[in-house]
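Student: This is the structure I want to talk about, given as structure tokens.
In our numbering, the protein residues as written are 57 to 299.
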């Protein structure tokens, strides 16, 4: 009973963070869920519940979704998810990969703070950026369920409007996670307990994301950038120190 309450609380707080900043559910949840669940089960649960959270937000801001802009980054992100599927199933995570990921996350935060105040950078419209970020973010997201910071970084630099940032970020999460869930489903990675945790989690995340969205609507773009940067930095330090 207490285990279910603990899982519910983790998922609620994680979805609250994502609703307010655009991401953070995976970073927060994956830091705590493996205490009770296996790493793979935690990853699959977070990926599946992120679809619910992101779909809710994407529908709310659907008018700001830029389909053509998403095509390139998602094409490479899905390629990264295919790579992550094989890495996770045949090699698993490694300490070196976690350390490297932590340094990359911290480096992205430093770059964001060194950039202009609104973070928008027209140079990120060049194809090389969505190709590279999509591939790396897709692969990291499939292995650790924390690929969000790479896409946060890209969309913060790509769009001036917070609605465009959030709408396209969530649309990316929906497509990538759905693709990954299908891959794991075909491979038979889901256990009987997954359904129970998913149903419990669905209640938690839908309540959490709705509460978080109320904050998002009140926060200016610069504040959202600061909140997102703090979450990424904290995740990077956590991986660097405790992995």
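Even for Gly, the Cβ is constructed at its ideal location relative to N, Cα and C.
1. With DSSP run on the structure shown, which of helix, strand or coil describes residue 215?
2. For the alpha helix (DSSP H) containing residue 186, name the first residue and the last one.
3. Below 8 Å, can you find three or more Cβ-Cβ pairs linking the segment 119-127 to the segment 81-90?
4. Tell me whether residue 97 sits in a helix, a strand or coil according to DSSP, three-state version.
5. Between residue 45 and the rest of its own chain, which residues show a CB-CB distance below 8 Å, the 5 nearest in sequence each way excluded?
6. Can you tell me where the alpha helix (DSSP H) holding residue 59 begins and where it ends?
7. Would you identify the three-state DSSP class for residue 319, choosing helix, strand or coil?
8. Closest to residue 184 by CA distance: which of 158, 128, 258 and 271 is it?
9. Could you tell me whether the Cβ atoms of residue 140 and residue 195 are closer together than 7 Å?
10. Pull up the distance between the alpha-carbon of residue 155 and that of residue 275, whole angstroms please.
11. Under a three-way DSSP split, which group does residue 122 fall into?
12. Answer yes if the segment 66-81 comes into contact with the segment 251-262, meaning at least three C-beta pairs across the two stretches below 8 Å, and no otherwise.
13. Could you name the residues of the same chain whose beta carbon sits closer than 6 Å to that of residue 110, not counting the 5 residues immediately before and after it, in chain order?
14. Among 211, 78, 193 and 163, which residue has its Cα nearest to the Cα of residue 181?
15. Measuring only the C-alpha atoms, how far is residue 233 from residue 204?
16. Starting from residue 303, trace the alpha helix (DSSP H) in both directions and tell me its first and last residue.
17. Quick one: what's got a C-beta closer than 7 Å to residue 247's C-beta in the same chain, skipping five residues either side?
18. For residue 236, which three-state DSSP category applies?
19. Once the 5 residues before and after residue 134 are set aside, which same chain residues still bring their CB inside 7 Å of it?
20. What would DSSP say about residue 106, mapped onto helix, strand or coil?
21. With a threshold of 16 other CB atoms inside 10 Å of the CB of residue 297, please say whether the residue is buried or exposed.
22. Give the straight-line distance between the Cα atoms of residue 217 and residue 278, rounded to the nearest whole angstrom.
23. Tell whether a beta-carbon distance below 7 Å holds between residue 165 and residue 289.
24. Do residue 67 and residue 224 have their C-beta atoms closer together than 7 Å?
Tutor: Let me spell this out:
1. coil
2. 184-200
3. no
4. helix
5. In the structure displayed, the chain extends from 57 to 299; residue 45 sits before or after that span and is not available.
6. 58-77
7. Given a span of 57 to 299 for the chain in the structure shown, any question on residue 319 remains unanswerable.
8. 128
9. yes
10. 32 Å
11. coil
12. Contact between the segment 251-262 and the segment 66-81 is present, because at least three Cβ pairs lie under 8 Å.
13. Apart from the 5 residues on each side of it in sequence, residue 110 sits with its Cβ closer than 6 Å to the Cβ of 226, 229 and 230 in its chain, given in chain order.
14. 211
15. 11 Å
16. Limits of the chain in this structure are 57 at one end and 299 at the other, which puts residue 303 out of reach.
17. Same-chain partners within the cutoff: 97.
18. helix
19. Counting only Cβ-Cβ distances below 7 Å, and skipping sequence neighbours, we find 194, 232 and 235.
20. In the structure shown, the three-state DSSP call for residue 106 is helix.
21. Flag for residue 297 reads exposed.
22. 10 Å
23. yes
24. no
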